[in-house]
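Colleague: Residue numbers (the UniProt record's numbering), protein chains in the order written: chain A, 1 to 421; chain B, 1 to 421.
Number of protein chains: 2
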Amino acid sequence: MTALNATHDPKLRSWVAAANVAGTDFPIQNLPFGRFRTAGSSEAFRIGVAIGDQILDLRATGLIDTDDMNVLMNASVKDRQALRAAISAGLAEGSGQQAAWSKALLAQAQAEMTVPCRIGDYTDFYTGIHHATTIGKLFRPDQPLMPNYKWVPIGYHGRASSIGVSGQVFKRPQGQTKAPDAVAPSFGPSKRLDYELELGFLVGRGNALGEPIAIGDAEDHLFGVTLLNDWSARDLQAWEYQPLGPFLAKNFASTLSPWIVTTEALAPFRAKFERPAEDPQPLPYLDAPSNRASGALDITLEVLLQTAKMRADGVAPVRLTLGNTTEAAYWTAAQLITHHTVNGCNLQPGDLLGSGTLSGPQPDQAGSLMELTLGGKQPVTLPNGEKRTFLEDGDTLVMRGWCEREGAVRIGLGEVAGTVV
Amino acid sequence: MTALNATHDPKLRSWVAAANVAGTDFPIQNLPFGRFRTAGSSEAFRIGVAIGDQILDLRATGLIDTDDMNVLMNASVKDRQALRAAISAGLAEGSGQQAAWSKALLAQAQAEMTVPCRIGDYTDFYTGIHHATTIGKLFRPDQPLMPNYKWVPIGYHGRASSIGVSGQVFKRPQGQTKAPDAVAPSFGPSKRLDYELELGFLVGRGNALGEPIAIGDAEDHLFGVTLLNDWSARDLQAWEYQPLGPFLAKNFASTLSPWIVTTEALAPFRAKFERPAEDPQPLPYLDAPSNRASGALDITLEVLLQTAKMRADGVAPVRLTLGNTTEAAYWTAAQLITHHTVNGCNLQPGDLLGSGTLSGPQPDQAGSLMELTLGGKQPVTLPNGEKRTFLEDGDTLVMRGWCEREGAVRIGLGEVAGTVV
Chain A
1 MTALNATHDP
11 KLRSWVAAAN
21 VAGTDFPIQN
31 LPFGRFRTAG
41 SSEAFRIGVA
51 IGDQILDLRA
61 TGLIDTDDMN
71 VLMNASVKDR
81 QALRAAISAG
91 LAEGSGQQAA
101 WSKALLAQAQ
111 AEMTVPCRIG
121 DYTDFYTGIH
131 HATTIGKLFR
141 PDQPLMPNYK
151 WVPIGYHGRA
161 SSIGVSGQVF
171 KRPQGQTKAP
181 DAVAPSFGPS
191 KRLDYELELG
201 FLVGRGNALG
211 EPIAIGDAED
221 HLFGVTLLND
231 WSARDLQAWE
241 YQPLGPFLAK
251 NFASTLSPWI
261 VTTEALAPFR
271 AKFERPAEDP
281 QPLPYLDAPS
291 NRASGALDIT
301 LEVLLQTAKM
311 RADGVAPVRL
321 TLGNTTEAAY
331 WTAAQLITHH
341 TVNGCNLQPG
351 DLLGSGTLSG
361 PQPDQAGSLM
371 ELTLGGKQPV
381 TLPNGEKRTF
391 LEDGDTLVMR
401 GWCEREGAVR
411 IGLGEVAGTV
421 V
Chain B
1 MTALNATHDP
11 KLRSWVAAAN
21 VAGTDFPIQN
31 LPFGRFRTAG
41 SSEAFRIGVA
51 IGDQILDLRA
61 TGLIDTDDMN
71 VLMNASVKDR
81 QALRAAISAG
91 LAEGSGQQAA
101 WSKALLAQAQ
111 AEMTVPCRIG
121 DYTDFYTGIH
131 HATTIGKLFR
141 PDQPLMPNYK
151 WVPIGYHGRA
161 SSIGVSGQVF
171 KRPQGQTKAP
181 DAVAPSFGPS
191 KRLDYELELG
201 FLVGRGNALG
211 EPIAIGDAED
221 HLFGVTLLND
231 WSARDLQAWE
241 YQPLGPFLAK
251 NFASTLSPWI
261 VTTEALAPFR
271 AKFERPAEDP
281 QPLPYLDAPS
291 NRASGALDIT
301 LEVLLQTAKM
311 RADGVAPVRL
321 TLGNTTEAAY
331 WTAAQLITHH
341 TVNGCNLQPG
351 DLLGSGTLSG
361 PQPDQAGSLM
371 ELTLGGKQPV
381 TLPNGEKRTF
391 LEDGDTLVMR
401 GWCEREGAVR
411 IGLGEVAGTV
421 V
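#1: Could you name the residues of the same chain whose beta carbon sits closer than 7 Å to that of valine 409 of chain B, not counting the 5 residues immediately before and after it, in chain order?
#2: Using the three-state DSSP reduction, which class does isoleucine 411 of chain B fall into: helix, strand or coil?
#3: Distance, Cα to Cα, glutamate 392 of chain A vs asparagine 346 of chain B?
#4: May I have the straight-line CA-CA distance separating glycine 344 of chain B from glutamine 174 of chain A, to the nearest angstrom?
#5: List the DSSP bridge partners of valine 261 of chain B.
#6: Using 9 Å as the limit for Cβ to Cβ distance, is lysine 178 of chain A near chain B?
#7: What does serine 162 of chain B reach in chain A if we use C-beta pairs closer than 7 Å?
#8: Determine the extent of the beta strand (DSSP E) in which methionine 146 of chain A is found, giving its start and end residues.
#9: Just to make sure I have the definition right: I need the residues of chain A whose C-beta is within less than 7 Å of the C-beta of tyrosine 126 of chain B. Which are they?
#10: Report yes if the CB atom of aspartate 122 of chain B is closer than 9 Å to the CB atom of glycine 158 of chain B, and no otherwise.
#11: Which complete alpha helix (DSSP H) runs does the stretch 82-163 of chain B hold, if anything under 4 residues is left out?
#12: Tell whether a beta-carbon distance below 9 Å holds between leucine 305 of chain A and leucine 322 of chain A.
#13: Figure out for me which residue from A:Leu352, A:Tyr330 and A:Pro383 has the closest Cα to the Cα of leucine 358 of chain A.
#14: Compile a chain-ordered list of the residues in the stretch 164-195 of chain B whose CB is closer than 7 Å to at least one CB of chain A.
#15: Counting contacts by CB-CB distance shorter than 9 Å, is asparagine 148 of chain A in contact with chain B?
#16: What ranges does the alpha helix (DSSP H) occupy inside the stretch 14-86 of chain B, keeping only unbroken runs of at least 4 residues that lie completely in it?
#17: Is leucine 236 of chain A near glutamine 176 of chain A, with beta carbons less than 9 Å apart?
#18: Taking all protein chains shown into account, decide if leucine 4 of chain A is buried (16 or more other Cβ within 10 angstroms of its Cβ) or exposed.
#19: So if DSSP puts glutamine 176 of chain B in a beta bridge, which residue, or which two residues, is it bridged to?
#20: Helix, strand or coil for glycine 354 of chain A? Go by DSSP, reduced to three states.
#21: Going by C-alpha to C-alpha distance, which of A:Trp402, A:Ala417, A:Asn148 and A:Gly167 sits closest to glycine 23 of chain A?
#22: Note down the Cα distance separating tyrosine 149 of chain B from aspartate 67 of chain A, rounded to an integer number of angstroms.
#23: Against leucine 106 of chain A, what residues of chain B qualify as contacts under a CB-to-CB distance less than 7 Å, listed in chain order?
#24: Using a Cβ-Cβ cut-off of 9 Å, state whether tryptophan 331 of chain B counts as contacting chain A.
#25: Is the beta carbon of glutamate 274 of chain B within less than 8 Å of some heavy atom of the ligand HEM?
#26: Which residues bound the alpha helix (DSSP H) around arginine 292 of chain B?
#27: Using only alpha-carbon positions, find the residue among A:Asp142, A:Leu382, A:Arg140 and A:Arg405 that is nearest to arginine 319 of chain A.
#28: Is it true that the CB of glycine 34 of chain B sits closer than 9 Å to the CB of glycine 48 of chain B?
#29: Please name the residues in the stretch 219-240 of chain B whose beta-carbon is closer than 8 Å to at least one beta-carbon of chain A, in chain order.
#30: Does DSSP put tryptophan 239 of chain A in a helix, in a strand, or in coil?
#31: Whole angstroms are fine: how far does the CA of isoleucine 411 of chain A sit from the CA of glutamine 54 of chain A?
#32: Should glycine 158 of chain B be flagged as near chain A, meaning a C-beta pair shorter than 9 Å?
#33: Check for me: the alpha helix (DSSP H) holding arginine 311 of chain B runs from which residue to which?
#34: Using the Cα positions of residue 438 of chain B and proline 153 of chain B, report the straight-line distance between them to the nearest angstrom.
#35: Closer than 6 Å by C-beta to isoleucine 299 of chain A: which residues in its own chain qualify, once you throw out the five before and the five after it? Chain order, please.
#36: According to a CB-to-CB cut-off of less than 7 Å, which residues of the stretch 107-141 of chain B neighbour chain A?
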């Protein structure tokens, strides 16, 4: 695990004024990486660091000599930390770099962002135990969780090609569905389109095929974290998923936030990783004192909705739910990395591991409409009187995440927005 | 569908002598693409065409100006056919290119091959109805096939990073397994390691997100076919796969043959695609007269095994099974492409679609040991007296494929071999 160091000092301020404004997602203690270009241009995307309301063009600073985020992600932990320290020093108040680096800034409002790295393979896990329990209850009231759930970090492979960046607009998927009492399936647009609130863990340095990553080393391979909306067509899923899992119900679109908040930036926001005493101890390959001591992430997650009518009326998105990752996830990022490689599978820089839907223990902390509306039976009423069981055309779904703690400066993950049309 | 033309003429002969030898996999009527370099060198891999026992360096002929197979795969059907015609003409007896192109040949025996393209996403389907029925019977004697099987081309996402080329040597995967009567799972090497005999369909030109590929256009997006061994750890799979499908049971390794036999080369080996009259008609989006008329591929598939002892004793691999794709697959490649995109999912050049295990209707045509040994209950006895229920360390599994028809020249897919250690 990354130790706290000078880059986390709450007294640290930047010569970029907006980075010092209380409540910003991007103070100098954060320094997330993304890929940007001037909006409206056809420039190649470059690596940037968010600072306040600006983006620092990292290559222009001379600290790196690549535009390829995956190359940067392949760096050793030591090199990653050295790069972070250098960026922090250069952006700090009183830095001798201010004059030069000022010319390497672009306002975020003038930038176009893209998916933050090339995602070779995308794996989606299922660590949200409250989500798994609530969804499981809808299908199997007597046994909501499968017998393997508390032993195996359940995961499946996802689709990399259809992953987009915040702002993604996609068409409502079509496909086969079958009503329980129907003789045959029918074809048409999904009527039960949902979102899933997830964290996206991005892999840094990978491992060779056949060489598992031990649990004690796993966090060295975690480059950072994004927000992930794993859009889901519940009606397609119900008909297609036996026996090999979700497929067309998921791969029409998935949306990532543009900024990778690094493992280093998250160091002040780690938590003890606790499981109920009655639960089985993980098998030794998934267990390490370091993981128990600080394997959890303490991130607040918020979901908001803006309907087409709200947009037309100039009404801002309204909150659907608010929760926290510490209570939601049954497995840590380190456990996911180790489990994924224990059979010899190779991870590569830029691979994406979804956390699974991070619903809290309370009903109003649910990370999907499927849970919030009890499988579509109980609509949510919005402040303007509109109702939703599932997403309707024109709906924009927004997810935000941030970390706050006594004695630390608040950092944010930014947001991920997406619209179905 | 690609029509027959002069490149299929059985009378066509090549100035590369070995291409005219009866029984070669690579006569001038085949012309498959692969990526090669001189064995032992550290050259970049280049695009080559197999001809007899040689490889034609395609860039050296001046017909292409790229070393990137995915660029070539993105070509239009018209351009693909034009390239094939030009290669065929240049390699034909009496060609004026003979003197120049002779210098662009490398003996296959002196070449190192690699995975034939960059595989962005890998999807594995489950089209082998006899496989699905036999495996299903082991779990559900009363209902071997799920209710969706004859409506939905069942598929799931696989792992691209661990796909290797023929000759791949991999370590036996470790992981969690649980005996039916055990209280808790245990950890260790898989004891039920199996192969799966599949075709790999490689996507040519892709589609934009949100723009499905109609069934009538689907074959235009199929670049060609390889052999695929989808190694499977049956004991890991049984414990992990509920509810989201196979994961670590599959992603430790998958092996492809090095040569992509193109859709154009396969034109003489198409078959009527028939399903039993009592089966449901596919939904309209999966149905097209062209697909019914010639959607099936007529490819003979053979599986062979060489144990470590056989290798030490100088004994060649022995046949385990022999079958044909026409009888094995319930869905065509065109139906897989259309189904995959009907929800808007985007395919990209180089994406791999596995057919699923292609077992024939007879027990001795089974495409996996799980089927051949009735779930490990009935060992196979090899000619030298060794027995196998599942694969043992040192076993090399070889798959071969070829097409033969009256009035056409035999073409081969080459072979895919892999060894577990």
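For every residue, glycine included, the Cβ atom is placed at its ideal position computed from N, Cα and C.
Source: prediction; values computed, not measured.
Modeller: Quick look at the numbers:
#1: By one-based count along the second sequence, residue 409 of chain B stands at place 409. Same-chain partners within the cutoff: Pro10, Pro27 and Gln29.
#2: Indexing the second sequence from 1 puts residue 411 of chain B at position 411. Strand.
#3: The residue you call residue 392 of chain A lines up with position 392 of the first sequence. The residue you call residue 346 of chain B lines up with position 346 of the second sequence. Whole-angstrom Cα-Cα distance: 22 Å.
#4: Position 344 of the second sequence, counted from the first residue, corresponds to residue 344 of chain B. Position 174 of the first sequence, counted from the first residue, corresponds to residue 174 of chain A. C-alpha separation (whole angstroms): 8 Å.
#5: Looking up residue 261 of chain B in the second sequence gives position 261. In DSSP, valine 261 of chain B forms a bridge with B:Val225.
#6: Stepping through the first sequence from its first residue, residue 178 of chain A is reached at position 178. Answer yes: the Cβ-Cβ gap between lysine 178 of chain A and chain B drops below 9 Å somewhere.
#7: Residue 162 of chain B sits at position 162 when you count from the first residue of the second sequence. Under the 7 Å cutoff, chain A gives Leu209, Cys345 and Asn346.
#8: Taking the first sequence and counting its residues from 1, the one referred to as residue 146 of chain A is at position 146. Unbroken run through methionine 146 of chain A: none, as it is neither H nor E.
#9: Position 126 of the second sequence, counted from the start, is the residue given in the question as residue 126 of chain B. By Cβ distance, chain A contributes Leu244.
#10: As a first step, residue 122 of chain B must be located in the second sequence, where it is residue number 122. As a first step, residue 158 of chain B must be located in the second sequence, where it is residue number 158. A small correction: the amino acid at residue 122 of chain B is tyrosine; aspartate does not occupy that position in the sequence shown. Contact: yes.
#11: 98-102 and 129-139
#12: Working through the first sequence from its first residue, we reach residue 305 of chain A at position 305. Working through the first sequence from its first residue, we reach residue 322 of chain A at position 322. Not closer than 9 Å, so no.
#13: One-based indexing of the first sequence puts residue 358 of chain A at position 358. Per the Cα distances, A:Tyr330.
#14: Phe170, Lys171, Pro173, Gln174, Gly175, Gln176, Ala184, Pro185 and Phe187
#15: Taking the first residue of the first sequence as position 1, residue 148 of chain A is located at position 148. Yes, asparagine 148 of chain A lies at the interface with chain B (some Cβ there is under 9 Å from its Cβ).
#16: 69-73
#17: Translated into the one-based positions of the first sequence, residue 236 of chain A becomes position 236. Translated into the one-based positions of the first sequence, residue 176 of chain A becomes position 176. Yes. Within cutoff.
#18: Translated into positions along the first sequence, residue 4 of chain A becomes position 4. Leucine 4 of chain A is exposed by the Cβ-count criterion.
#19: As a working mapping, residue 176 of chain B is identified with position 176 in the second sequence. Answer is B:Phe187.
#20: As a first step, residue 354 of chain A is located in the first sequence; it is residue number 354 there, counting from the start. Strand at glycine 354 of chain A.
#21: Taking the first sequence and counting its residues from 1, one reaches residue 23 of chain A at position 23. Checking every option, the nearest Cα to that of glycine 23 of chain A belongs to A:Trp402.
#22: For the purposes of this step, residue 149 of chain B is identified with residue 149 of the second sequence, where counting begins at 1. For the purposes of this step, residue 67 of chain A is identified with residue 67 of the first sequence, where counting begins at 1. Their Cα atoms are separated by approximately 46 Å.
#23: As a first step, residue 106 of chain A must be located in the first sequence, where it is residue number 106. Residues of chain B passing the Cβ test: none, with the nearest at roughly 27 Å.
#24: Taking the second sequence and counting its residues from 1, the one referred to as residue 331 of chain B is at position 331. False, the Cβ-Cβ gap to chain A never drops below 9 Å.
#25: The ligand HEM is absent from the structure shown, which contains no ligand whatsoever.
#26: Counted from its first residue, the second sequence places residue 292 of chain B at position 292. Run containing arginine 292 of chain B: 289-294, per the alpha helix (DSSP H) assignment.
#27: By 1-based counting over the first sequence, the position of residue 319 of chain A is 319. Among A:Asp142, A:Leu382, A:Arg140 and A:Arg405, the Cα nearest to that of arginine 319 of chain A belongs to A:Leu382.
#28: Numbered from 1 along the second sequence, position 48 holds the residue referred to as residue 48 of chain B. Numbered from 1 along the second sequence, position 34 holds the residue referred to as residue 34 of chain B. Yes, the Cβ-Cβ distance between glycine 48 of chain B and glycine 34 of chain B is below 9 Å.
#29: Ala233, Leu236, Trp239 and Glu240
#30: Translated into the one-based positions of the first sequence, residue 239 of chain A becomes position 239. The answer is helix: DSSP assigns tryptophan 239 of chain A an H, G or I state.
#31: Position 54 of the first sequence holds residue 54 of chain A. Position 411 of the first sequence holds residue 411 of chain A. Whole-angstrom Cα-Cα distance: 15 Å.
#32: Translated into positions along the second sequence, residue 158 of chain B becomes position 158. Output row for glycine 158 of chain B: interface = yes.
#33: As a position in the second sequence, residue 311 of chain B is number 311, starting the count at 1. Where arginine 311 of chain B is concerned, the enclosing alpha helix (DSSP H) stretches over 308-312.
#34: The structure shown does not extend to residue 438 of chain B, since chain B is modelled only from 1 through 421, so no value can be given for it.
#35: Within the first sequence, the letter at position 299 stands for residue 299 of chain A. Thr325, Gly401 and Cys403, listed in sequence order.
#36: Gly120, Asp121 and Tyr126
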